[in-house]
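The structure under discussion appears below in the form of structure tokens.
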Ligand SMILES: Nc1ncnc2c1ncn2[C@@H]1O[C@H](COP(=O)(O)OP(=O)(O)OP(=O)(O)O)[C@@H](O)[C@H]1O
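Residue numbers (this note's numbering): 995 to 1235.
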């Protein structure tokens, strides 16, 4: 049986300010899997995320979400279905409760105390933190809070952009386990941009290697040990040295 794709890109082009960034990118992300995206700085990884959750629109080609063209989705529905967590957790100046409730308060609803406690519990944060100011949390706690906030929308796909790169090893490991738990429990498709090849190998079931706005090589993450493409081989060697 062939795999279903959560996201499929077909010959996607995108440019900004006269600068060509995504240049005929074709590839797919399997539903329910964890795919790591690696590649040199400037390869277009973050831009691809912006295209996949509708923050930017492609110039040509197609992006299919659940086999449906991305422009067939209403923007708010798309952002719920395809959630994003960034390297630096964006926080309101208020309490942890106010921050975790944000997706609901934006639509004029409140998040009851019991649900807020449950949200925090799910990501391994103590309920006592709810009354704390978010700015007083550690980097790892902030990242867990932004994951909890994104989970409120029950996304089918989670786009993670370098979410552990400013954390210490213990917090990094904690977040990796949390993401694997979310993937197993809810079947959420995870697409994780990382500069850490070891993380890509360990957490990624699949891997994408992007360079210069294109997908150069994709497959099971073991491909990083024996890439077929010479450019990928050079990249992996450079990152390991
Ligand atoms: N709005 C813009 N206008 C012009 N150029 C842009 C714009 N946004 C991104 N770029 C350029 O597009 C290229 C790809 O950027 P992008 O952030 O997607 O790469 P990346 O692979 O995520 O890099 P990194 O690993 O450093 O985060 C870069 O050269 C960047 O400078």
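Where is the CB? At the ideal position from N, CA and C, for every residue including glycine.
Bear in mind that the values here come from a model prediction, so they are computed numbers and not experimental data.
Alpha helix (DSSP H) segment containing residue i, residue limits
| i | result |
| --- | --- |
| residue 1122 | Element bounds for residue 1122: n/a, residue is neither H nor E. |
| residue 1117 | Neither: residue 1117 is in no alpha helix (DSSP H) and is coded neither H nor E. |
| residue 1162 | Segment: none, residue 1162 is in no alpha helix (DSSP H) and carries neither H nor E. |
| residue 1045 | 1039-1046 |
C-alpha gap between residue i and residue j, whole angstroms
| i | j | result |
| --- | --- | --- |
| residue 1075 | residue 1150 | 5 Å |
| residue 1220 | residue 1114 | 40 Å |
| residue 1161 | residue 1100 | 29 Å |
| residue 1058 | residue 1015 | 19 Å |
| residue 1122 | residue 1138 | 15 Å |
| residue 1026 | residue 1201 | 14 Å |
| residue 1087 | residue 1116 | 23 Å |
| residue 1205 | residue 1022 | 16 Å |
| residue 1225 | residue 1232 | 11 Å |
| residue 995 | residue 1090 | In this prediction, residue 995 scores a pLDDT of 46, lower than 50, which makes its location untrustworthy; no coordinate-derived value is stated. |
| residue 1006 | residue 1052 | 7 Å |
| residue 1169 | residue 1001 | 24 Å |
| residue 1208 | residue 1227 | 16 Å |
| residue 1141 | residue 1211 | 29 Å |
| residue 1082 | residue 1004 | 30 Å |
| residue 1131 | residue 1173 | 20 Å |
Proximity test, residue i beta-carbon vs ligand 1 heavy atom, cut-off 8 Å
| i | result |
| --- | --- |
| residue 1204 | yes |
| residue 1051 | no |
| residue 987 | A question about residue 987 goes unanswered here, because the residues of the chain that appear run from 995 up to 1235. |
| residue 1041 | yes |
| residue 1035 | yes |
| residue 1167 | no |
| residue 1057 | no |
| residue 1211 | no |
| residue 1122 | no |
| residue 1233 | no |
| residue 1011 | yes |
| residue 1015 | yes |
N-terminal and C-terminal residue of the beta strand (DSSP E) that residue i is part of
| i | result |
| --- | --- |
| residue 1054 | 1054-1059 |
| residue 1185 | 1183-1187 |
| residue 1077 | 1076-1079 |
Residue i (DSSP reduced to helix, strand or coil)
| i | result |
| --- | --- |
| residue 1221 | coil |
| residue 1216 | helix |
| residue 1133 | helix |
| residue 998 | coil |
| residue 1099 | helix |
| residue 1149 | coil |
| residue 1016 | strand |
| residue 1051 | coil |
| residue 1157 | coil |
| residue 1140 | helix |
| residue 1089 | strand |
DSSP beta-bridge partners of residue i
| i | result |
| --- | --- |
| residue 1024 | 999 |
| residue 1031 | 1187 and 1202 |
| residue 1063 | 1058 |
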